[in-house]
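Asks: I'd like to ask you about the structure that follows.
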Amino acid sequence: MNINKLLGIHDSNQAPAQIMEILYDRKKREEVFVKFLEAFNFNLSYDWFHDYFQEEHADRKWLKQDFTPMCVAELLAKITGGDKRTTYEGGTGTGGIMIRKWQEERARSSIFKYKPSDYLYVCEELSDKAIPFLLFNTLIRGMNAIIIHGDVLSQNCYGVFFVQNDKDDYMEFSSLNVMPYSQEVADFFDVNFVEECYPKWIESKMFPSHLGVYKTRRAV
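Following numbering that gives the first Met the number 0, the numbering of the sequence shown begins with 0 at its first residue and continues without gaps.
Structure representation (C-alpha cells):
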C-alpha cells in the first residue's frame, strides 16, 4: 500500500509533519480517513503503519525502537481480558498492541452493546515521529484515549492529548483535543511539562467525562 500517496507526500520523512497538519484540519482529516479505510478494505484490526514506520522512521540506535510482532500483540490482547476497562501502555509506538487490544475488546461485545465510552486507552510515547501516527490510529478508530508525549521514566512531558468519541458511536471518528499546559493538568497526569510543542486545540464541546475513570498513569 502506498501510504505516501495516501498522505499526499513524496518522501516518507515528510510523513510525521504531514500527518499533524492533516489532523489539525478536521474536514481534511476525515477525508483522508475515508481514503485510508477504502485503501485497507475497512480492516481496522491491525496497525497499518507497523511496517512503514519500522522501515522508515524507527530509531533503533537512540530509542531502541523495534516494534512488537503482530502475533505477539495479538496474544497479549487475548490474555489481558477481564472487567478492567482502562488499558495502559508505556512506549506505545504507533499503537500496534493497543489496536489489537481494542479489536479484542470489540470482538468480545455485540454491536448492540459495544460503546466506545466503556473503554479508555492510556498511551505514553517519547518519539516525536511516532506521536502523529499514534494519534491518527486512535482518531480513525473512534477511540477514547489519553496520549502523553513524554518520557515514562523521568515524566518529562511535551504534550498531553485527549482523543474522544464525542457521540459515543463506534461508527464515528474521534475528536482531537490538546490539554492545556497548566500546573493543574500536569498534576492530574503526574507529568512535568518541559516544552510546549503543540498549539491550543479543542474540538470536544463538553468536558471529557471519560477522564473520570483515569485513576493512575499505570492502571492496566
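Cβ atoms here follow ideal geometry from the backbone N, Cα and C, with glycine treated the same way.
Quick caveat: nothing in here was measured; it's all calculated off a predicted structure.
Within the continuous alpha helix (DSSP H) that includes residue 95, where are the two ends?
Replies: By one-based count along the sequence shown, residue 95 stands at place 96. Here the alpha helix (DSSP H) through residue 95 covers 95–106.
Asks: Relative to the C-alpha of residue 163, which residue among 183, 120, 199, 181 is closest?
Replies: Locating residue 163 in the sequence shown gives position 164, where the first residue counts as 1. Of the candidates 183, 120, 199, 181, the one whose C-alpha sits nearest the C-alpha of residue 163 is 120.
Asks: Quick one: using the 10 Å Cβ neighbour count with 16 as the cut-off for buried, is residue 46 buried or exposed?
Replies: For the purposes of this step, residue 46 is identified with residue 47 of the sequence shown, where counting begins at 1. By the neighbour-count rule (16 or more Cβ atoms within 10 Å), residue 46 is buried.
Asks: Measuring alpha carbon to alpha carbon, tell me which residue in 147, 10, 38, 6 is nearest residue 27.
Replies: If you number the sequence shown from 1, residue 27 lands on position 28. Per the Cα distances, 6.
Asks: In chain order, what residues of the same chain lie with their CB nearer than 8 Å to the CB of residue 141, ignoring the 5 residues before and after it?
Replies: Residue numbering aside, residue 141 sits at position 142 when the sequence shown is read from its first letter. Correct list, in chain order: 115, 164, 168, 169, 170, 171, 172, 173.
Asks: Would you kindly work out how many angstroms separate the C-alpha atoms of residue 130 and residue 157, rounded to a whole number?
Replies: For the purposes of this step, residue 130 is identified with residue 131 of the sequence shown, where counting begins at 1. For the purposes of this step, residue 157 is identified with residue 158 of the sequence shown, where counting begins at 1. Straight-line Cα distance between these residues: approximately 11 Å.
Asks: Per DSSP, residue 177 forms a beta bridge with which residues?
Replies: To locate residue 177, count along the sequence shown from 1; it is residue 178. DSSP, once it has assigned bridges, lists 160, 200 as partnering residue 177.
Asks: Where DSSP assigns a beta bridge to residue 148, which residues make up the other side?
Replies: As a position in the sequence shown, residue 148 is number 149, starting the count at 1. According to DSSP, which records beta bridges pairwise, residue 148 is partnered with 124, 158.
Asks: According to DSSP, residue 134 sits in a beta bridge with which residue or residues?
Replies: Start at 1 with the first residue of the sequence shown, and residue 134 comes out as number 135. Beta-bridge pairing links residue 134 to no other residue.
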